[in-house]
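Residue numbers (this note's numbering), protein chains in the order written: chain A, 1 to 283; chain B, 284 to 645. I have placed the structure first, in the form of structure tokens, so that the comments after it can refer back to it.
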Amino acid sequence: MTEYNFAYLDEQTKRMIRRAILKGLAIPGYQVPFASREMPMPYGWGTGGVQVSAAVLTPEDRFKVIDQGADDTTNAVSIRAFFERTAGVATTTTTSEATVIQTRHRIPEAALTEGQILVYQVPIPEPLRFLEPRESETRKMHELEEYGLMHVKLYEDISRHGHIATSYAYPVRVEGRYVMDPSPIPKFDNPKLGGMAAIQLFGAGREQRIYALPPYCDVVSLDFEDHPFDPSKADHPCGLCGAQDSYLDEVIVDDAGGRMFVCSDTDYCEARQMAGHRGKDAA
Amino acid sequence: MYVAVKGGERAIENAHAWLAEERRGDTDVAELSVAQIREQLSLAVNRVMAEGSLYDPDLAALAIKQARGDLIEAIFLIRAYRTTLPRFGASEPVDTGAMLCDRRISATFKDLPGGQVLGPTFDYTHRLLDFKLAADGDVAAAPARTAETGAVPHVTAFLNREGLIEEAPHDDTPPPDLTRQPLEMPADRALRLQALARADEGFTLGLAYSTQRGYARNHAFVGELRIGAVPVEMDIPELGFAVEIGEVTLTECETVNQFKGSKTEPPQFTRGYGLVFGQTERKAISMALVDRALRWEELGEDNVGAPAQDAEFVLYHADNIQATGFLEHIKLPHYVDFQSELELVRKLRREAGADQVQEAAE
């Protein structure tokens with residue numbers, strides 16, 4: 001495809017996005033406004049992540065895309081095909097072989113390493129949005145480090161339900177300063193955000209925001225001393241590979257209440273099965 | 284036995300093939316040409332150009348064909364295309380006073396210099412289905428006469444001469460560019476107008492209508508509505524002067540709104556403004572009403588909490604490409620998040636159930 005520049009975006013646009021990324025890395029957790037472009041896929045389909053990936057990809061990169069942890073979900077397939085077509089980069093489903101990983105709603109189970117970049121697709125970058133709908137107000141709250149409202153919300157959850165009733169997009173505090181939305185990953189993934197060796201970049205296309213976590217960044221999930229953060233998951237091993245430590249999808253297998261639990265991270269699960277691990281539902 | 288689902292790639296390919304077939308419809312029926320759409324569905328083409336922010340009737344017609352007539356989808360195709368185009372520069376501001384008007388009406392004066400020109404309007408048609416069109420579409424040529432060449436001055440200028448309407452001071456500040464800078468609040472009027480010019484017609488219409496029904500009423504008269512072609516000039520650095528590079532058809536609406544004044548300032552009418560690509564007068568009038576409602580602060584009016592007064596609400600929700608994308612994305616898989624919600628609700632219910640059993644025992 002020669003009608004478009006490498007990785008679709010023109011170099012001026014990429015430079016603008018790279019500047020936003022660098023600013024984001026310099027101020028971890030701060031939402032940097034950027035002039036998001038219309039992309040050839042709809043807003044809400046990962047246009048922020050796609051723009052960030054387009055800005056960081058080089059011809060030597062090996063690219064992996066996951067949605068819900070899986071490489072073969074339709075939108076992951078579509079985004080991977082987009083970059084195969086517009087950038088001609090090599091792609092992979094193997095987490096350890098990828099240099100750039102674009103993700104929606106999950107962090108891979110296998111620990112990422114230095115030199116890798118994890119790009120998140122973000123729908124609503126503002127962690128305070130559902131407490132205060134006005135952008136002009138929430139930006140002020142971040143400036144003033146005014147996060148009382150968030151703690152009140154979490155406290156009200158506990159008084160109403162006995163637990164903090166947020167199970168995904170669980171808010172974190174970055175380097176003791178900005179409260180950040182980690183994108184709608186399950187809270188099970190939150191502990192992987194902090195101290196990660198890879199660079200983490202967050203792109204919100206429709207909302208025109210980029211933010212970032214540099215390697216080995218301090219990230220703490222908000223909680224209370226007497227209600228510590230609990231990264232829960234389904235209390236089962238994976239039915240296919242037997243893993244005890246991975247995030248699980250619940251799959252309905254019949255209409256009589258039958259169900260099984262399998263790894264959401266398909267690469268992790270397949271690698272374990274290749275290595276001979278078997279779960280109770282494995283063929 | 285459960286096997287992880289594979290084959291998303293083939294499913295997507297097949298879906299696209301099916302879509303292409305459905306788009307074409309019955310092959311016994313002649314295919315629509317892009318030129319037919321451009322010539323015979325021109326108001327759809329105009330809307331796509333306006334909200335797509337790209338003046339190109341052929342591309343807009345192509346987009347409508349490709350989108351199976353879904354105009355928001357067509358607007359999306361145009362937006363995604365325009366964003367890849369290189370920028371050579373900006374044109375000189377167009378002079379709508381020099382417009383060759385196909386239509387020019389004023390609701391505030393019975394007659395005025397330049398005259399009332401109805402032009403090609405639906406306004407006084409009786410909305411009776413014309414079954415003749417189902418058979419053959421031949422039409423008799425409309426009567427024609429030589430166009431008058433006299434100036435068609437803006438109506439607001441007449442009022443301005445008497446000081447009856449607020450000034451619209453000349454301002455050479457380059458306006459911000461919504462497509463090159465992120466939309467940030469507070470937005471000045473130039474930026475608000477730019478966003479409204481590409482805003483969804485339906486959303487803008489609804490907001491404008493709400494002001495008429497009392498949610499920040501500002502009583503608008505259509506001072507003037509004009510539709511016609513204006514030349515576009517661009518300064519060419521190598522030449523050192525501006526040359527005409529083409530022309531665009533625009534719809535411009537200027538409203539004359541309720542006056543303001545005080546003990547020290549005599550009362551004056553105020554203005555609302557709408558300017559949109561193509562013949563798009565519903566949109567241009569709506570835009571002028573919403574523009575006027577958004578000006579409450581600078582005009583010293585009360586914020587009555589109406590949606591049309593809230594710039595952040597209006598501008599962040601007016602773009603149909605953003606809105607439709609985010610709305611429709613909830614079709615995408617969300618099972619990871621749903622799973623974590625399932626676990627949480629199960630846990631809360633388990634504990635609630637345990638409490639009930641305990642209460643019963645006591």
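Note that CB positions come from ideal geometry on N, CA and C, so glycine has one too.
Could you have a look at residue i and say whether DSSP puts it in helix, strand or coil?
i          : result
Met-570(B) : helix
Ala-204(A) : strand
Phe-83(A)  : helix
Ser-221(A) : strand
Val-422(B) : coil
Thr-487(B) : helix
Pro-514(B) : strand
His-299(B) : helix
Gly-557(B) : strand
Leu-213(A) : strand
Val-286(B) : For Val-286(B), the predicted model reports a pLDDT of 48, less than 50, meaning its position is unreliable; a value from the coordinates is still stated below. It is coil, neither helix nor strand.
Gly-397(B) : coil
Asn-5(A)   : strand
Val-56(A)  : helix
Cys-263(A) : strand
Leu-646(B) : Shown here, chain B extends from 284 to 645; a query on residue 646(B) therefore has no answer.
Pro-590(B) : helix
Are the C-beta of residue i and some C-beta of chain B separated by less than 8 Å?
i          : result
Gln-68(A)  : yes
Arg-134(A) : yes
Gln-208(A) : yes
Met-39(A)  : yes
Ser-36(A)  : yes
Met-1(A)   : Low confidence applies here, because Met-1(A) scores a pLDDT of 44, under 50, leaving its location unreliable; read the following figure in that light. Taking Cβ atoms only, chain B never reaches closer than 8 Å to Met-1(A), which makes this a no.
Phe-224(A) : no
Mind checking whether residue i and residue j have CB atoms under 8 Å apart?
i          : j          : result
Asn-75(A)  : Gly-46(A)  : yes
Asp-122(A) : Ala-204(A) : Note on residue identity: the sequence assigns Val, not Asp, to residue 122(A). Going by C-beta atoms, Val-122(A) is nearer than 8 Å to Ala-204(A).
Val-515(B) : Val-526(B) : no
Ile-17(A)  : Gln-68(A)  : no
Ser-232(A) : Val-619(B) : no
Arg-307(B) : Ser-336(B) : no
Ala-451(B) : Arg-554(B) : yes
Thr-92(A)  : Arg-62(A)  : yes
Leu-315(B) : Arg-330(B) : no
Ser-183(A) : Ala-165(A) : no
Arg-206(A) : Gln-605(B) : yes
Leu-118(A) : Gln-200(A) : yes
Ser-36(A)  : Met-468(B) : no
Starting from the Cα of residue i, find the closest Cα among the options and give me that residue.
i          : options                                           : result
Glu-284(A) : Ala-7(A), Ala-234(A) and Ala-212(A)               : The requested residue 284(A) is not part of the displayed model; chain A covers only 1 to 283.
Leu-193(A) : Ala-165(A), Glu-126(A), Cys-217(A) and Arg-177(A) : Cys-217(A)
Glu-564(B) : Phe-405(B), Asn-297(B), Lys-543(B) and Glu-322(B) : Phe-405(B)
Ile-347(B) : Ser-336(B), Leu-360(B), Trp-579(B) and Thr-367(B) : Leu-360(B)
Gly-44(A)  : Asp-249(A), Pro-125(A) and Met-141(A)             : Pro-125(A)
Gly-29(A)  : Phe-188(A), Arg-272(A), Gln-200(A) and Tyr-178(A) : Tyr-178(A)
Leu-476(B) : Glu-537(B), Ile-613(B) and His-409(B)             : Glu-537(B)
Leu-248(A) : Gly-257(A), Cys-238(A) and Asp-255(A)             : Cys-238(A)
Leu-461(B) : Ala-478(B), Arg-293(B) and Ala-427(B)             : Ala-478(B)
Leu-615(B) : Leu-144(A), Pro-42(A) and Asp-230(A)              : Pro-42(A)
Val-100(A) : Lys-64(A), Ala-212(A), Thr-113(A) and Met-39(A)   : Lys-64(A)
Gly-88(A)  : Tyr-4(A), Gly-24(A) and Leu-149(A)                : Tyr-4(A)
Leu-533(B) : Arg-351(B), Cys-384(B) and Leu-572(B)             : Cys-384(B)
Phe-229(A) : His-236(A), Ile-158(A) and Glu-175(A)             : Ile-158(A)
Ala-234(A) : Glu-225(A), Val-251(A), Asp-181(A) and His-227(A) : Val-251(A)
Could you tell me whether the Cβ of residue i comes closer than 8 Å to any Cβ of chain A?
i          : result
Leu-625(B) : yes
Tyr-556(B) : no
Ala-300(B) : no
Gly-523(B) : no
Met-332(B) : no
Tyr-618(B) : yes
Ala-601(B) : no
Arg-481(B) : no
Leu-412(B) : no
Along the chain, where does the alpha helix (DSSP H) containing residue i start, and where does it finish?
i          : result
Tyr-338(B) : First-last for Tyr-338(B): undefined, no H or E at that position.
Cys-536(B) : No alpha helix (DSSP H) holds Cys-536(B); the beta strand (DSSP E) holding it covers 524-543.
Gly-148(A) : 148-161
Phe-359(B) : 354-365
Ile-107(A) : It is not in any alpha helix (DSSP H) - Ile-107(A) carries neither H nor E in the DSSP assignment.
Assuming residue i is part of the beta strand (DSSP E), what are its boundary residues?
i          : result
Ile-448(B) : Premise fails: Ile-448(B) is in no beta strand (DSSP E) and is neither H nor E.
Cys-384(B) : 383-388
Met-180(A) : 178-180
Lys-64(A)  : 62-67
Can residue i be considered in contact with the ligand GDP, in the sense that its beta carbon sits closer than 7 Å to one or more heavy atoms?
i          : result
Arg-209(A) : Judged by which ligands are present, the structure shown has none, so any question about the ligand GDP falls away.
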